[in-house]
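Everything in the sequence shown is counted per numbering that gives the first Met the number 0, starting at 0 for the first residue and increasing by one. Note that the Cβ used here is the ideal one computed from N, Cα and C, for glycine as well.
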Amino acid sequence: MNRFLIVFTLAAALIFSTVASASPQKDPLALLIQPKGTVMYSPDGERWKNVRRNRFLFEGWHVKTGSDGFCKLLNQETGMIESVESNTRVEIRTGGANVVRGTISEPKPAANFMSLLKRKFAKVQKYSAVKRHHKERAETELKTVREITLSRDYPDLVWENPGPKYSYRLVVGEEVFDVPGTRGDMIRFKLSRTNPGLSDYHVQVIRDGEVAYTPEEKGRIRWLSQSEMKSFREKAERIRQTDPDGFLLGSFMDDHGFKIPAMDQYRKFLSQNPDANEMRPFLIKVLGDLKLETLKQAELAVYHARTE
Numbered sequence: 000m001n002r003f004l005i006v007f008t009l010a011a012a013l014i015f016s017t018v019a020s021a022s023p024q025k026d027p028l029a030l031l032i033q034p035k036g037t038v039m040y041s042p043d044g045e046r047w048k049n050v051r052r053n054r055f056l057f058e059g060w061h062v063k064t065g066s067d068g069f070c071k072l073l074n075q076e077t078g079m080i081e082s083v084e085s086n087t088r089v090e091i092r093t094g095g096a097n098v099v100r101g102t103i104s105e106p107k108p109a110a111n112f113m114s115l116l117k118r119k120f121a122k123v124q125k126y127s128a129v130k131r132h133h134k135e136r137a138e139t140e141l142k143t144v145r146e147i148t149l150s151r152d153y154p155d156l157v158w159e160n161p162g163p164k165y166s167y168r169l170v171v172g173e174e175v176f177d178v179p180g181t182r183g184d185m186i187r188f189k190l191s192r193t194n195p196g197l198s199d200y201h202v203q204v205i206r207d208g209e210v211a212y213t214p215e216e217k218g219r220i221r222w223l224s225q226s227e228m229k230s231f232r233e234k235a236e237r238i239r240q241t242d243p244d245g246f247l248l249g250s251f252m253d254d255h256g257f258k259i260p261a262m263d264q265y266r267k268f269l270s271q272n273p274d275a276n277e278m279r280p281f282l283i284k285v286l287g288d289l290k291l292e293t294l295k296q297a298e299l300a301v302y303h304a305r306t307e
């Protein structure tokens, strides 16, 4: 089976699992992707809205295309992909799209992803839940991501900023980097190139030239080699071409340990599609992985306010 198709479908599977927890009515049956030209959807077959980005579809919903329209449907129940041609109308059903008029392609199998879906569903659902009690910690007690993948293309590290009066000392293997403070909620530092492979790292908090906090445990950075990054670029480019909205690329990056590029993809997608609240738990999950608690709580507040 085409390896890219498997990667793409696994990413889509993770999205399905999150929306199942976000939707108050029922679970989505299909994901509409690659809308081109005139593509519309309707929950009841009477009131229609244009589709300009990826869209989740539920049991009994309708999709139609105009004379210049085209899209693809990924069915969550069957794991099959279908192309919807121009001047076509379909109704979304559990077993696949029911053609009312027009033409759709023969369903093609994508991959068997149900076991992975179940594991990831539990993980993402955990991150989107509201915690009533938060463990108190000292202002200087800094948590950083336990394991992360970086490369020449994506060399940034991030961590929570406890306040503008602090600066930082980043220690990666035997190398030491002084990082100035800022007034934002997040510190972002571009790491200079290191040798491929694994390196221990930790971040010390500095105040008035003295070390105010040193973590007890170290994290690990995996720096990709040139050959590893070449393979990653090729897969990422295929996903960009398949899903110009960029959301599946964020999921793909997260799955490969590139947490910060995943965060950037999700934030960009949500800024361009503010009504796509069902996607927000993916950003919340990555912010939790990165230990960016302030930003995570802000996104949680937005997510729950818009689902009430």
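Inset, instruction - Give me the Cα-Cα distance between L56 and P42, rounded to the nearest whole angstrom. - result: Along the sequence shown, read from residue 1 onward, the residue named residue 56 stands at position 57. Along the sequence shown, read from residue 1 onward, the residue named residue 42 stands at position 43. Answer to the nearest angstrom: the Cα atoms are 8 Å apart.
Inset, instruction - Within the same chain, show all residues whose beta-carbon is closer than 7 Å to that of A29, passing over the 5 residues directly before and after it, in chain order. - result: On the sequence shown, position 30 is the one that residue 29 refers to. Cβ neighbours of A29 beyond the five flanking positions: L56, L72, L73, N74, Q75 and I91.
Inset, instruction - For the stretch 155-183, list the beta strand (DSSP E) runs that are entirely contained and at least 3 residues long, ordered along the chain. - result: 155-159, 166-171 and 174-178
Legend entry - Coil, strand or helix - Y302 by DSSP: Looking up residue 302 in the sequence shown gives position 303. Helix.
Legend entry - Outcome for P163 when other beta-carbon atoms lying within 10 angstroms are tallied against a minimum of 16: Position 164 of the sequence shown, counting from 1, holds the residue named residue 163. Exposed, by the Cβ-count rule.
Legend entry - Proximity below 9 Å, CB of E159 to CB of E292: As a first step, residue 159 must be located in the sequence shown, where it is residue number 160. As a first step, residue 292 must be located in the sequence shown, where it is residue number 293. Yes, these two residues count as a Cβ contact at 9 Å.
Inset, instruction - Mark D325 as exposed unless 16 or more other C-beta atoms lie within 10 angstroms of its C-beta, in which case mark it buried. - result: What is shown of the chain runs 0 to 307, which leaves residue 325 out entirely.
Inset, instruction - Kindly indicate which three-state DSSP category D253 falls into: helix, strand or coil? - result: Numbered from 1 along the sequence shown, position 254 holds the residue referred to as residue 253. It is helical.
Inset, instruction - Could you tell me the distance, in whole angstroms, from the CA atom of G218 to the CA atom of D67? - result: One-based indexing of the sequence shown puts residue 218 at position 219. One-based indexing of the sequence shown puts residue 67 at position 68. If I take the Cα positions, the gap works out to 52 Å.
Inset, instruction - Would you check if the stretch 243-253 and the stretch 200-210 touch, i.e. whether three or more CB-CB distances between them fall below 8 Å? - result: no
Inset, instruction - Give the C-beta separation of L269 and L289 to the nearest angstrom, bearing in mind that I take them to be a contact with Cβ-Cβ under 8 Å. - result: For the purposes of this step, residue 269 is taken as residue 270 along the sequence shown, with counting starting at 1. For the purposes of this step, residue 289 is taken as residue 290 along the sequence shown, with counting starting at 1. Not really, about 16 Å apart at Cβ, beyond 8 Å.
Inset, instruction - Just the C-alpha distance for E138 and L156, rounded to the nearest angstrom, thanks. - result: Walking along the sequence shown from the start, residue 138 turns up at place 139. Walking along the sequence shown from the start, residue 156 turns up at place 157. E138 and L156: Cα-Cα distance of roughly 20 Å.
Inset, instruction - Put F55 into one of helix, strand or coil per three-state DSSP. - result: Here residue 55 refers to the residue found at position 56 when the sequence shown is read from its first residue. In the structure shown, F55 sits in a strand (DSSP, three-state: E or B).
Inset, instruction - On the DSSP bridge assignment, give the partners of V204 in chain order. - result: Within the sequence shown, the letter at position 205 stands for residue 204. Per DSSP, Y167 and Y212.
Legend entry - Residues near E58 by beta carbon distance below 6 Å, same chain, minus five either side: The residue given as residue 58 occupies position 59 in the sequence shown. For E58, where only same-chain residues beyond five positions count, the Cβ hits under 6 Å are L28.
Inset, instruction - Report the rounded CA-to-CA distance for K258 versus E215, giving the unit in angstroms. - result: As a working mapping, residue 258 is identified with position 259 in the sequence shown. As a working mapping, residue 215 is identified with position 216 in the sequence shown. Taking the straight line from one Cα to the other gives about 23 Å.
Legend entry - Residue from P260, Q264, E298 and Y40 with nearest C-alpha to D312: The chain is shown only over 0 to 307; residue 312 falls outside these bounds and no answer can be derived.
Inset, instruction - For N272, I'd like the list of residues in its chain whose CB is within less than 6 Å of its CB, leaving aside the five on either flank, ordered along the chain. - result: Counting from one through the sequence shown, the residue named residue 272 turns up at place 273. Only R52 meet the Cβ criterion.
Legend entry - Backbone CA spacing between P243 and Y265 [nearest angstrom]: As a working mapping, residue 243 is identified with position 244 in the sequence shown. As a working mapping, residue 265 is identified with position 266 in the sequence shown. In a straight line, the C-alpha of P243 is about 13 Å away from that of Y265.
Legend entry - Residue nearest to N97 in terms of C-alpha spacing, selected from G65, C70, R187 and W60: Here the question's residue 97 lines up with position 98 in the sequence shown. Nearest option by C-alpha distance: W60.
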